[in-house]
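Residue numbers (this note's numbering): 36 to 124.
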């Protein structure tokens, strides 16, 4: 399992959203994740760590945007789309 940090991509393992990919936007006792569409930054989903699979893939642009407080929903959607295209190769 990869490190749990803001900007990491993860996949839901349990719940009605099982199989959905998210970007971690907040860490702590619980993890807050966003997909940029159904769960935007304004209303991130709260997940328990044991219900997430952290993917070993980093989007440096997303991490930089989080550090600079410039992350937007469109960036999250694009990053997840880019990761899924990476999987298809």
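Heads up, the beta-carbon is just placed ideally off N, CA and C, and yes, glycines get one too. All values reported here derive from a predicted model rather than from experimental measurement.
| Check | Outcome |
| --- | --- |
| Residue 61 to residue 67 span [Cα, whole Å] | 5 Å |
| The segment 70–90 in contact with the segment 110–119 per 3-pair CB rule at 8 Å | yes |
| Same chain, Cβ closer than 8 Å to residue 125, neighbours up to 5 away in sequence not counted | With the chain running from 36 to 124 in the structure shown, residue 125 is simply not present. |
| Exposure of residue 50, with buried meaning 16 or more beta-carbon neighbours within 10 Å | exposed |
| CA-to-CA distance, residue 44 to residue 92, given in whole angstroms | 7 Å |
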